[in-house]
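Heads up: the structure comes next, in structure tokens.
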Amino acid sequence: MKAAVAYNRAQVVLAEAEVPKAMSKAIREGRLEVFASRN
């Protein structure tokens with residue numbers, strides 16, 4: 001059971017590491033726009 005939990009946590013960490021890469025790729029390809037707002 002502990003091994004399964006550790007494995008799942010590792011998978012989450014790996015997936016979270018992909019998010020910034022995917023976002024920067026989408027921005028470069030024009031599929032995602034970033035808006036800065038000032039309040």
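Numbering (my numbering), first residue to last: 1 to 39. Note that CB positions come from ideal geometry on N, CA and C, so glycine has one too. Every value quoted in this text rests on a predicted model; they were computed, and no experiment measured them.
Within the same chain, Cβ atoms closer than 8 Å to the Cβ of residue 27 are found at 33, 34, the five residues on either side in sequence being excluded.
Following the DSSP letters along the chain, one finds residue 23 inside the alpha helix (DSSP H) bounded by residues 2 to 28. Linking residue 25 to residue 2 through their CA atoms gives a straight-line distance of about 35 Å.
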